[in-house]
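Read the structure below first, then the notes.
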Amino acid sequence: MDLTVQQLRYFVAVADELHFARAAQGLRISAPSLSQQIAALERRFGAALFRRDARHVELTEPGSELLPMARRSIAALDDIVSWAEERRAGGAVVRVGLVVGSHIGSAILSEAARAFPGTRWQIRRLGFDGSLTALRTGLVDVVLAPALAAPSGPDLHAVPLWSEGRVLVAGTGHPLAGRDCVTVDEVADELFVATLGDEALTDWLGLPRSDGFAPKVAYVAATFEEVLDICSAGLAVNIAGSGAISGSPRHGVVFVPVRGLPDATVYLLRSARSPSAAVLAVEELAVRVARRETGRPGPG
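One gets the numbering used here by counting positions in the sequence shown from 1 and adding 78 to each.
Here you go:
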């Protein structure tokens, strides 16, 4: 039996819902048909993907291993379908990658849609470690990403758009949640959720390594959504740019300004090699909108 992407979609739907009837409803097929498809998939792999009884459903170890691969396979096929549709439709297409949302980023996208009505837009949420790869492999044309220093490379062009302060991201039950602001010293003993590991977190904080502050990393998240999930559960805290306050609101999470850290700058990143006219137009518009929204001539 050949493996089909539709079977993978069935598997992912059940894995997300952990309930066959709800997954079947979302897929618009009957629950018995879905059970048959999952059983066929399990025979194909020679392993049970779910452990289920009358009361609950859970992934087995093979199911847990398959899930991220299935998601990547589905996403890859969806990319191919989108590419084919774009080729047939013609016209300019601009694919924008976002690492963390912000009201200025939203204003840029909104104005770009009005300014270039003939352009088709694709907006992708990117992981912390995948933004440059997405740009270099052509998955996106433009990335909006915060950093303390401009990402560099002969194939990258970085334009600073605006700068923003830092905030502590914490669950509403955290002892510091009700504060107007906090200092770096006050969070020194907290457990952190990092985005790319210990060293990357230290770099993101922008503190001299000689000052003795070493953040305790308890979790590593691939996306800012995962950061918010971990913080809202009260498992750890994070330091983000203040744009997250408006761009990534979440029930159960508070954002508290942090004193003593350098500002972060949000950059527009694109390929330095033969950018399209549409991408150059978006870059020019982004700079203009960022200046208008901040009321300043440049980052700051």
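We treat Cβ as the ideally placed atom computed from N, Cα and C, and that holds for glycine.
Subject >> Sub-8 Å separation of Ala255 and Cys309 beta-carbons >> reply: Locating residue 255 in the sequence shown gives position 177, counting from the first residue. Locating residue 309 in the sequence shown gives position 231, counting from the first residue. Not in contact: Ala255 and Cys309 (Cβ atoms no closer than 8 Å).
Original post:
Between Ala148 and Val90, is the Cβ-Cβ spacing less than 8 Å?
Top reply: Translated into positions along the sequence shown, residue 148 becomes position 70. Translated into positions along the sequence shown, residue 90 becomes position 12. Yes. Within cutoff.
Subject >> Check whether Leu176 and Leu222 have beta carbons under 8 Å apart >> reply: The residue you call residue 176 lines up with position 98 of the sequence shown. The residue you call residue 222 lines up with position 144 of the sequence shown. Yes, Cβ-Cβ distance for Leu176 and Leu222 is below 8 Å.
Original post:
Is it buried or exposed for Pro110, if we count other Cβ within 10 angstroms and need 16 for buried?
Top reply: The sequence position of residue 110 within the sequence shown is 32, counting from 1. Pro110 is exposed by the Cβ-count criterion.
Subject >> Length of the line joining the Cα atoms of Gly124 and Ala118 >> reply: Counting from 1 along the sequence shown, the entry for residue 124 is found at position 46. Counting from 1 along the sequence shown, the entry for residue 118 is found at position 40. Rounded to whole angstroms, the gap between the alpha carbons of Gly124 and Ala118 is 10 Å.
Original post:
Within this structure, are the beta carbons of Val220 and Val357 separated by less than 8 Å?
Top reply: Position 142 of the sequence shown holds residue 220. Position 279 of the sequence shown holds residue 357. Contact: yes.
Subject >> Of the listed residues Val83, Val336 and Glu371, nearest to Gln159 (C-alpha basis) >> reply: Taking the sequence shown and counting its residues from 1, the one referred to as residue 159 is at position 81. Looking at the sequence shown, residue 159 is not Gln but Val. Nearest to Val159 by C-alpha distance, out of Val83, Val336 and Glu371, is Val83.
Subject >> Among Glu362, Ala350, Ala322 and Tyr88, nearest to Thr301 - alpha-carbon criterion >> reply: One-based indexing of the sequence shown puts residue 301 at position 223. Cα-wise, what sits closest to Thr301 is Ala322.
Subject >> Alpha-carbon to alpha-carbon, Arg106 and Gly231 >> reply: Here residue 231 refers to the residue found at position 153 of the sequence shown. Here residue 106 refers to the residue found at position 28 of the sequence shown. Their backbone Cα atoms lie some 47 Å apart in a straight line.
Original post:
Tell me, which residues are paired with Trp240 by DSSP?
Top reply: Start at 1 with the first residue of the sequence shown, and residue 240 comes out as number 162. Val344, per the DSSP bridge assignment.
Original post:
Mind checking Leu279: buried by the 16 CB within 10 Å criterion, or exposed?
Top reply: Numbered from its first residue, the sequence shown carries residue 279 at position 201. Counting of Cβ neighbours within 10 angstroms places Leu279 among the buried residues, the total reaching 16 or more.
Original post:
Counting along the chain, where does the alpha helix (DSSP H) carrying Ala109 start and finish?
Top reply: Here residue 109 refers to the residue found at position 31 when the sequence shown is read from its first residue. In the DSSP assignment, Ala109 falls within the unbroken alpha helix (DSSP H) covering Ala109 to Phe123.
**OP:** Measure the alpha-carbon distance for Ser184 versus Val315 and round it to whole angstroms.
**Re:** Position 106 of the sequence shown, counted from the first residue, corresponds to residue 184. Position 237 of the sequence shown, counted from the first residue, corresponds to residue 315. In a straight line, the C-alpha of Ser184 is about 25 Å away from that of Val315.
Subject >> Beta-carbon proximity check, Ser71 vs Asp341, cutoff 8 Å >> reply: The question about residue 71 has no answer here: the residues shown for the chain are numbered 79 through 378.
**OP:** Along the alpha helix (DSSP H) that carries Arg192, what are the first and last residues, could you check?
**Re:** Working through the sequence shown from its first residue, we reach residue 192 at position 114. Arg192: member of the alpha helix (DSSP H) spanning His181 to Ala193, first to last residue.
Original post:
What are the start and end residues of each continuous alpha helix (DSSP H) run of 4 or more residues lying completely inside the stretch 293-337, in chain order?
Top reply: For the stretch 293-337, whole alpha helix (DSSP H) runs of length 4 or above, ordered along the chain, are 302-310 and 322-325.
Original post:
Out of curiosity, what's the CA-to-CA distance linking Val260 and Thr372?
Top reply: Here residue 260 refers to the residue found at position 182 when the sequence shown is read from its first residue. Here residue 372 refers to the residue found at position 294 when the sequence shown is read from its first residue. Their backbone Cα atoms lie some 24 Å apart in a straight line.
Subject >> Proximity below 8 Å, CB of Ala361 to CB of Leu339 >> reply: Counting from one through the sequence shown, the residue named residue 361 turns up at place 283. Counting from one through the sequence shown, the residue named residue 339 turns up at place 261. Note on identity: in this sequence residue 361 is Glu, with Ala being the wrong assignment. Not in contact: Glu361 and Leu339 (Cβ atoms no closer than 8 Å).
**OP:** Look at the alpha carbon of Gly251 and the alpha carbon of Gln85, and state the distance between them as a whole number of angstroms.
**Re:** One-based indexing of the sequence shown puts residue 251 at position 173. One-based indexing of the sequence shown puts residue 85 at position 7. Approximately 42 Å, taken between the alpha carbons.
Original post:
For the candidate residues Ser113, Pro335 and Leu81, whose alpha-carbon lies nearest to that of Asp131?
Top reply: Numbered from 1 along the sequence shown, position 53 holds the residue referred to as residue 131. Among Ser113, Pro335 and Leu81, the Cα nearest to that of Asp131 is on Ser113.
Original post:
Buried or exposed: which applies to Arg337, given that a residue is buried once 16 or more other Cβ atoms fall within 10 Å of its Cβ?
Top reply: Counting from one through the sequence shown, the residue named residue 337 turns up at place 259. Answer is exposed; the Cβ neighbour count stays below 16.
**OP:** Name the residue from Pro327, Glu303 and Asp281 whose alpha carbon lies nearest to the alpha carbon of Pro293.
**Re:** As a working mapping, residue 293 is identified with position 215 in the sequence shown. The residue with the shortest Cα to Cα distance from Pro293 is Asp281.
Original post:
Where do the N-terminal and C-terminal ends of the beta strand (DSSP E) with Gly104 fall, by residue?
Top reply: The sequence position of residue 104 within the sequence shown is 26, counting from 1. If you look at Gly104, you'll find it isn't in any beta strand (DSSP E); it sits in the alpha helix (DSSP H) that goes Phe98 to Leu105.
Original post:
Hey, is Gln85 close to the ligand HEM, as in C-beta under 7 Å from one of its heavy atoms?
Top reply: For the ligand HEM, the structure offers nothing, since it holds no ligand at all.
Subject >> Boundaries of the alpha helix (DSSP H) in which Asp357 is found, first to last residue >> reply: Against the sequence shown, residue 357 aligns to sequence position 279. Just to set this straight, residue 357 is Val in the shown sequence, not Asp. In the DSSP assignment, Val357 falls within the unbroken alpha helix (DSSP H) covering Ala355 to Thr372.
**OP:** State yes or no: is the C-beta of Ser320 within less than 8 Å of the C-beta of Val245?
**Re:** Residue numbering aside, residue 320 sits at position 242 when the sequence shown is read from its first letter. Residue numbering aside, residue 245 sits at position 167 when the sequence shown is read from its first letter. One thing to note: Ser320 has its Cβ within 8 Å of the Cβ of Val245.
Original post:
Comparing alpha-carbon positions, which option in His97, Asp80 and Asp233 lies nearest Val135?
Top reply: The sequence position of residue 135 within the sequence shown is 57, counting from 1. Restricting attention to His97, Asp80 and Asp233, the CA atom closest to the CA of Val135 is found in His97.
Original post:
Roughly how many angstroms lie between the CA atoms of Val218 and Arg133, to the nearest whole one?
Top reply: As a working note, residue 218 is residue 140 in the sequence shown. As a working note, residue 133 is residue 55 in the sequence shown. Linking Val218 to Arg133 through their CA atoms gives a straight-line distance of about 43 Å.
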